[in-house]
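Okay, structure first, notes after.
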Amino acid sequence: MKKSCLDFTKEVAEGKINLIDYYNNFYRQIDALKPLNYIITANPKENAIETAKDLSREIKKNKNILKEKPLLGIPITIKDCITTKNLRTTAGSKILDNYIPAFDATVVEKIKNAGGIIVGKTSMDEFGFGTFSTNCAYGAPKNPVDNHRSCGGSSGGACGFTAKIDMPHLAVAESTGGSISCPASFCGVFGITPTYGRVSRWGMIDYASSFDKIGSAASYLEDAVLLLNIISGIDEKDSTTVEIKKIVLDEKKQRNISLAIPKEYIDAIEDKNILEQFDRAKDVLLKKGVKIHEVSLKTTKYALSCYYIIAMAEASTNLAKYCGLRYGMQENPEQKHFDKYFTHIRTKYLGTEAKRRSIIGTYIRMAGFRDKYYLKAMQTRTLIIEDFKKIFKKYDAIFAPTMPIVAPKFSDIEKLSPKQNYSLDILTVGPNLAGFPTISIPFGKVENMPVGMQLIGDHLCEERIANIANLI
5 MKKSCLDFTK EVAEGKINLI DYYNNFYRQI DALKPLNYII TANPKENAIE
55 TAKDLSREIK KNKNILKEKP LLGIPITIKD CITTKNLRTT AGSKILDNYI
105 PAFDATVVEK IKNAGGIIVG KTSMDEFGFG TFSTNCAYGA PKNPVDNHRS
155 CGGSSGGACG FTAKIDMPHL AVAESTGGSI SCPASFCGVF GITPTYGRVS
205 RWGMIDYASS FDKIGSAASY LEDAVLLLNI ISGIDEKDST TVEIKKIVLD
255 EKKQRNISLA IPKEYIDAIE DKNILEQFDR AKDVLLKKGV KIHEVSLKTT
305 KYALSCYYII AMAEASTNLA KYCGLRYGMQ ENPEQKHFDK YFTHIRTKYL
355 GTEAKRRSII GTYIRMAGFR DKYYLKAMQT RTLIIEDFKK IFKKYDAIFA
405 PTMPIVAPKF SDIEKLSPKQ NYSLDILTVG PNLAGFPTIS IPFGKVENMP
455 VGMQLIGDHL CEERIANIAN LI
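Dropping the structure here:
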């Protein structure tokens, strides 16, 4: 059984684990897992070994090092839309194929200061555009349980690698409309999507700026909480961040809990086997004294269209900078008019889904359609937030399955239309629209594939849902 990261750091601090040997073994596993496409760019082994040597020297000098560096020696992967100094960052797109950042994102800086060792950049749908990580320009990551199936998206590489590797490891993931919860469910790991603003987005290659949230994925709940605590907090480089207390898992905070189950979420699930697993999860909670009530979340039917209208509008704006001059792949522009050069670069280096979202998003923002679509979607977003808030006034959290399906086969994904693809996000876009925190918890299996259950909490109530998750 895989050791937890909390146990790992204790043994490292006590000198029971040789970090040099550990990283030699870890990189052997990275090499062995290459065919599964979890990592786009690995941090060279010699870099990780050098950091491990530095930490080993510090351990000998400082008996209290674990208090100063709570991630002591833990291998950490970073989703490839988060910048890492001197380590290629592509956001899963060929248009950023040769981008090597000159700086670390705030979350990466915090991880390094806490003793974490970056081992690589995980695969993802191009710019986060997708549910199955099949839109990654560097190959879709394969599900750790069945290689013919998807890991989910867009943080597929992060969750797939976390589930597959049998050594302590943590993953930094990111969510816009469910990009942590979905792959966590499909791969059978814990995924925490924080409140919008809890974690700094500085240094992140954006998809939709009013949605994007950096979170954590791990094999154990306490490990996912550990990483989230490290990367959280106010950052002067990101004005949307807030200062917040660390999450504490405490049995005393796991009493007198009342959960709400939206009827609309259950109605959206056609797979009876998933509903059976959900009933099992409810029974576990009921036996532990949790009160469960069915409620109505009437705005659920508007969530998908609202999310995709706003997200695509923001995405098309964010994509505009990749024109082959200051940002993105470059070619010789001298022989072409700017419009032709711009078109050539984007046609050649952007994937199909990125082009689709750029076109639709631009259409939505046009003068003749802005009021009809974008502004109406923004008004609807407010109604969705209010609908959730009414539930949180009465109940501690919302409980539901994370996804309406188990990880699909790649052959079945190819048959889906864009609309069918988007509709599978029905259970995750609502809380992401509203900026609420969620935790996907692995619970049971269907067709031998992992199934996830999610808890959705009110803003900045990560501690509450983490303690409820600890009961399952």
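In the working numbering, the protein residues as written are 5 to 476. By construction, the Cβ of each residue, glycine as well, lies at the ideal position given by its N, Cα and C atoms.
{"Asked": "Member of K83, A144 and K114 whose CA lies at the smallest distance from the CA of V123", "Found": "K83"}
{"Asked": "Euclidean distance between Cα positions of K71 and T55", "Found": "18 Å"}
{"Asked": "One or two residues paired with K71 in a DSSP bridge", "Found": "Paired residues: none, contrary to the question."}
{"Asked": "Pick from L263, I273 and L232 that is closest to L290, judged by C-alpha positions", "Found": "L263"}
{"Asked": "Presumed contact (8 Å Cβ cut-off) between T3 and Y42, rounded CB distance", "Found": "Nothing about residue 3 can be reported from this structure: the residues present for the chain run from 5 to 476 only."}
{"Asked": "Limits of the unbroken beta strand (DSSP E) element including T81", "Found": "P79 to K83"}
{"Asked": "Contact check, F131 vs S97, beta carbons under 7 Å", "Found": "yes"}
{"Asked": "Touch test, the segment 404-414 against the segment 262-277, Cβ-Cβ under 8 Å, three pairs minimum", "Found": "yes"}
{"Asked": "Neighbourhood of Y224 by C-beta, 6 Å cutoff - its chain only, sequence neighbours within 5 removed", "Found": "S8"}
{"Asked": "Nearest residue (CA-CA) to Y31, options I121, K380 and N151", "Found": "I121"}
{"Asked": "Among A177, C191 and I363, the one whose alpha carbon lies nearest that of A167", "Found": "C191"}
{"Asked": "Whole-Å CB distance - S137 paired with G157, under 8 Å assumed", "Found": "4 Å"}
{"Asked": "Span of the beta strand (DSSP E) around T197", "Found": "F194 to T197"}
{"Asked": "Segment contact, 8 Å Cβ cut-off, at least three pairs: the segment 344-353 with the segment 420-435", "Found": "no"}
{"Asked": "CB contact check: I184 to chain C, cutoff 7 Å", "Found": "Of the protein chains in the structure, only one exists, and it is not chain C."}
{"Asked": "Close-in-space but distant-in-sequence residues of the same chain around K340 (CB under 7 Å, 5 per side omitted)", "Found": "H348"}
{"Asked": "Distance between beta carbons of D227 and L10, contact taken as under 8 Å", "Found": "6 Å"}
{"Asked": "Per-residue DSSP class, three states only, for D242", "Found": "strand"}
{"Asked": "Assigned secondary structure, M316 (DSSP; H/G/I helix, E/B strand, else coil)", "Found": "helix"}
{"Asked": "Residue from I69, M453, A46 and A473 with nearest C-alpha to N277", "Found": "M453"}
{"Asked": "For I349, the three-state DSSP class (helix, strand or coil)", "Found": "helix"}
{"Asked": "Among P408, I104, S320 and Y331, nearest to M370 - alpha-carbon criterion", "Found": "S320"}
{"Asked": "Given 8 Å, three or more beta-carbon pairs between the segment 367-384 and the segment 228-241", "Found": "no"}
{"Asked": "C-alpha distance - G207 paired with T110, whole-angstrom precision", "Found": "6 Å"}
{"Asked": "Whole-angstrom C-beta distance between I430 and L308, which should lie under 8 Å", "Found": "6 Å"}
{"Asked": "Sheet register partners of I265 (DSSP bridge)", "Found": "E298"}
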